Amino acid sequence: MITGRTQNATTAPPEREALPSIVTLTQRQQRGMDCVHCGIVLTAATAFDIPGEHYYRRADLRTRWYPRRCRNCPKGAGA
Ligand SMILES: [Zn+2]
1 MITGRTQNAT TAPPEREALP SIVTLTQRQQ RGMDCVHCGI VLTAATAFDI PGEHYYRRAD
61 LRTRWYPRRC RNCPKGAGA
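Number 56 in the UniProt record's numbering belongs to position 56 of the sequence shown; there are no gaps in the numbering.
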């Protein structure tokens with residue numbers, strides 16, 4: 001008897017983007033001044049706020065950050 005594929009329990013919400021680890025980013029990337037994926041300088045016209053809430057730990061504090069990327073990032077989500 002052939003059984004179907006086992007049910008995959010992990011369902012990632014579609015709006016959640018994979019982000020690089022914040023420790024690998026430059027200070028400008030951490031501040032949302034540069035793209036978190038490719039490091040290009042962002043302007044008001046090209047910047048895209050990555051949806052969702054993002055946190056990182058610094059000195060035992062859970063700190064929120066607001067990563068941004070370029071709107072059509074070659075290294076970003078869906079690339
Ligand atoms: Zn980019």
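The C-beta atom is built at its ideal place from N, Cα and C for all residues, glycine as well.
The structure displayed is predicted, hence computed values, not measured ones.
With 16 other Cβ atoms within 10 Å as the buried cut-off, status of residue i
i	result
Leu61	exposed
Thr63	exposed
Within 8 Å, strictly: CB atoms of residue i and residue j
i	j	result
Leu25	Met33	no
Cut-off 7 Å between Cβ atoms - residues of its own chain near residue i, not counting five sequence neighbours on either side
i	result
Arg69	Cys35, Val36, His37, Phe48, Ile50, Gly76
Arg71	Thr46, Phe48
Arg16	Gly52
For residue i, the residue or residues it bridges with in DSSP
i	result
Arg68	Asp49
Val41	Asp34
residue 81	Residue 81 lies beyond the range of the chain shown here (1 to 79); nothing can be said about it.
Close Cβ partners of residue i (< 6 Å) along its chain, the five nearest in sequence each way excluded
i	result
Gln27	none
Ala59	none
Neighbourhood of residue i by C-beta distance below 8 Å, restricted to the same chain and skipping five residues each side
i	result
Leu19	Val36, Ile50, His54, Pro67
For residue j and residue i, believed in contact at Cβ under 8 Å, the rounded distance
i	j	result
Gln30	Ile22	6 Å
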